[in-house]
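Numbering (my numbering), first residue to last: 40 to 671.
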């Protein structure tokens, strides 16, 4: 059916391998414009209606997505961007909505079940002729998702890439720090230098820092009182950018001097900024506004932000990044990217505005920083499908310390969002603290995440003992191969209601070894049992037997590929981390076990006595079923 359509033309089908890309063609009554919020809809039915559970990854805010679990497809949340269904008839099916040059597709439940909705957020179009979503079914939903993403990019034909085709920036192979939680909007050059010196004094190998939402010249901040975090956020979101330079009071020598001094302390520096310059855009009373007015557009609420017109957004970002590069910055973190509906709705179709904005950002970042950046607050489909080159994107909303309910929300967001976003990007599981009560548990998450690792520790509060299991002595991460995701048995089951441990999986050393992290996510924190097979780890090298080694207890066992390894989590021990290593010629080499992802400490495999490692420590291996160790 099509809203305001006098007839439905047809549904198109494009088959690429095991993926079918469905499209919708419709036109309006008497040439009138299609509705900007529901230009055309398609009701879906079939054996997916009878299912044993599904997971819908949906946008619950303008910027962030999270999973929803159910069996009734009529309750699939609005703005669903990925759907995995376990069919009663056997196997799985996945649906991945797309964003074309004009239309965006979302899934949602309706009166008669699942519905695909195409819309443009533009009221001057009288035709809908666009791909809607990719569909595939089979026994392996992880592979199906990969195939859908690749097929979707092929059909769109706009030069987009899947994750395996993108470049991971070398700088993010190392440990980092972010100023946000540490200093918030009152950061100073003096404070930043103190933090750099703290890392040196404690021999913590942090290699880079992000100057986050605290450095810019925001005149509304001056002498502005706020009593709590909420009032501070309100102040931020009602403030605008006065100049590209740092705040002259808190950075009296300018941004360039601050970065130079941080460099002297051994710290590489990157700069944060929103896609809008600052949260409320550009200050219309500033010299910056006069310089950039031709590249800006005024919104109905009065704010001035970069124009989506061709070339204008690029000129704004190019001027901004020219200044930051001249100050010594080597990368950027660009925030507030999913506000396209609020900011550019009605100016042009969603696909065009998103593509032009993302192209402008990436072109400027490519010219000034070699493409090195972190995307943030940009999980909407129009962002994901329209970035052409950048590799890293945040996959959860903001970190909250000392907060178990937040941790549960966070791990669910990161792991399930990675099922969809991880097809296109390496996922950033956000900053964290090394001195709160959940520091070790948070470090387990980062160890398995496959993405960048950076903290936001306050002054004088960084804990070296928490850092070092994640990195080599020079700060290089022991980083897993890809975005971590739930194991198959957890895929369509709500972990907060399950009586079993929640398991997240990854591989390392290009699939030679596997990693599984286990968590108790029940709200009552009651003891739970857990179980997995080596074959549950997607992409793990094939072997007849594997050694399973638990990082915290040193427990070890040798099991077959499809044998079950069982364990228990209790309220004093609500997480575990397992290395799963193939047994080859009777030997499984685990690595330096002081490190969480121990196999990545192996530089060259030989007989255990001659195996070369990347750092000193206790080298563990299993020989003829017996765990052995030696110092290297």
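Note that CB positions come from ideal geometry on N, CA and C, so glycine has one too.
| Item | Value |
| --- | --- |
| Backbone secondary structure at residue 357 - three-state DSSP | helix |
| Length at least 4, wholly inside the segment 610 to 661: the alpha helix (DSSP H) runs in chain order | none |
| Same chain, Cβ closer than 7 Å to residue 377, neighbours up to 5 away in sequence not counted | 101, 102, 416, 417, 418, 419, 422 |
| Near the ligand PLP: residue 562 beta-carbon under 7 Å from a heavy atom | The ligand PLP is not part of this structure, which contains no ligands at all. |
| Exposure label - residue 467; buried when at least 16 CB within 10 Å | buried |
| Rounded C-alpha distance that separates residue 662 from residue 241 | 38 Å |
| DSSP bridge partner residues for residue 221 (one or two, in chain order) | According to DSSP, residue 221 bridges with nothing at all. |
| Buried versus exposed call for residue 40 [16 or more other C-beta atoms within 10 Å across all chains shown] | Low per-residue confidence applies at residue 40: pLDDT is 44, beneath 50, and the placement is therefore not dependable, though the value from the model is reported in the following sentence. Per the 10 Å Cβ criterion, exposed. |
| Between the CA atoms of residue 491 and residue 46 - distance to the nearest angstrom | Because residue 46 carries a pLDDT of 49, less than 50, the predicted location of this residue cannot be relied on, and the following value inherits that uncertainty. The alpha-carbon atoms of residue 46 and residue 491 are separated by roughly 50 Å. |
| The segment 355 to 369 contacting the segment 281 to 297, beta-carbon criterion three pairs below 8 Å | yes |
| Cβ pair residue 478, residue 442 closer than 8 Å | no |
| First and last residue of the uninterrupted beta strand (DSSP E) at residue 566 | Per DSSP, residue 566 belongs to no beta strand (DSSP E) and is neither H nor E. |
| Residues near residue 327 in its chain [Cβ-Cβ closer than 7 Å; skip 5 each side] | 280, 281, 282, 283, 321 |
| Contiguous beta strand (DSSP E) assignments of at least 3 residues, all confined to the segment 496 to 564 | 541 to 547, 552 to 558 |
| Cβ contact (3+ pairs, closer than 8 Å) linking the segment 209 to 218 and the segment 228 to 247 | yes |
| C-alpha gap between residue 459 and residue 287, whole angstroms | 42 Å |
| C-alpha distance - residue 222 paired with residue 472, whole-angstrom precision | 13 Å |
| Residue 288, DSSP secondary structure in three states | coil |
| Run of the alpha helix (DSSP H) containing residue 439, from where it starts to where it stops | That residue, residue 439, is in no alpha helix (DSSP H); it is neither H nor E in DSSP. |
| Extent of the continuous alpha helix (DSSP H) to which residue 112 belongs | Unbroken run through residue 112: none, as it is neither H nor E. |
| Residue 143 in three-state terms, based on DSSP | strand |
| Nonlocal neighbours in the same chain, by C-beta distance under 6 Å from residue 138, ignoring five residues either side | 390, 420, 421, 424 |
| Ranges of the alpha helix (DSSP H) found wholly within the segment 354 to 434, counting only runs of at least 4 | 379 to 383, 389 to 408, 420 to 423 |
| Segment contact flag, the segment 168 to 184 with the segment 391 to 405, C-beta cutoff 8 Å, min 3 pairs | no |
| Sequence ranges, alpha helix (DSSP H) only - wholly within the segment 133 to 199, length at least 4 | 180 to 195 |
| Cutoff 6 Å; reference residue 656; Cβ partners in own chain excluding five residues on either side | 631, 633 |
| Of the listed residues 454, 86, 154, nearest to residue 118 (C-alpha basis) | 154 |
| Cα-Cα separation between residue 388 and residue 575, rounded to whole angstroms | 42 Å |
| Where residue 44 falls, given that 16 or more other Cβ within 10 Å makes a residue buried | Confidence in residue 44 is poor, its pLDDT being 46 and thus under 50, which makes the residue's placement too unreliable to answer from. |
| Neighbourhood of residue 83 by C-beta, 6 Å cutoff - its chain only, sequence neighbours within 5 removed | 153 |
| Distance, residue 219 Cα to residue 149 Cα | 41 Å |
| With 16 other Cβ atoms within 10 Å as the buried cut-off, status of residue 228 | buried |
| First through last residue of the beta strand (DSSP E) which encompasses residue 120 | 119 to 126 |
| Per-residue burial, residue 462 [other beta carbons within 10 Å of its own, 16 or more giving buried] | buried |
| Residue range of the alpha helix (DSSP H) that includes residue 445 | 443 to 460 |
| Cβ shell of residue 42 (< 6 Å), same chain only, five flanking positions each side left out | The predicted model places residue 42 with a pLDDT of 47, which falls under 50 and marks its position as unreliable; any figure quoted below should be read in that light. Same-chain partners within the cutoff: 74, 77. |
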